[in-house]
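What follows is a set of notes on a single structure, which appears directly below.
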Amino acid sequence: MKIDKSLLSGSTTLLVLSLLAEGEKYGYQMIQELAAKSDNTFQMKEGTLYPILHGLERDGYVTVSQRWSGGRQRRYYRLTGKGRGLLEDKVKEWRFFSGKVNDLVTSCCPELA
500 MKIDKSLLSG STTLLVLSLL AEGEKYGYQM IQELAAKSDN TFQMKEGTLY
550 PILHGLERDG YVTVSQRWSG GRQRRYYRLT GKGRGLLEDK VKEWRFFSGK
600 VNDLVTSCCP ELA
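Residue numbers (the numbering used here): 500 to 612.
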């Protein structure tokens, strides 16, 4: 099913933080894993991912280290303790929001539930 991009735009930070909760990753790796883990439902472009990562780094939610891998130098991103706290907050926010959307849809359109 094709997903409206506006639905994705509000959850991109949560998706990136969730990927980093599994461990340190570089950008292209995150793009690939996001697509694979979502059966290609979520396909993030570099132009969307890197501004999110830079903002998370600027605000102290991730740290960055550079090292050589696969014949090239890559920037690896890792969650900080502050980043884990942000992830927990974003998950709570998502659960509340999605629950309210589900409640509304179910009450207004029970035949579609």
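Note that CB positions come from ideal geometry on N, CA and C, so glycine has one too.
Alpha carbon of R573 to alpha carbon of H553, nearest angstrom: If you number the sequence shown from 1, residue 573 lands on position 74. If you number the sequence shown from 1, residue 553 lands on position 54. Those two C-alpha atoms are separated by around 14 Å.
K589 versus M500: straight-line alpha-carbon distance, rounded: Position 90 of the sequence shown holds residue 589. Position 1 of the sequence shown holds residue 500. Their backbone Cα atoms lie some 25 Å apart in a straight line.
Contact under 8 Å by Cβ, V561 with T579: Sequence index remark: in the sequence shown, residue 561 carries index 62 (1-based). Sequence index remark: in the sequence shown, residue 579 carries index 80 (1-based). Yes.
Segments of 3+ residues assigned as beta strand (DSSP E) that fall wholly inside the stretch 505-587: 561-568 and 571-578
C-alpha distance - E532 paired with K599, whole-angstrom precision: Sequence index remark: in the sequence shown, residue 532 carries index 33 (1-based). Sequence index remark: in the sequence shown, residue 599 carries index 100 (1-based). Looking at the two C-alpha atoms, the distance is approximately 29 Å.
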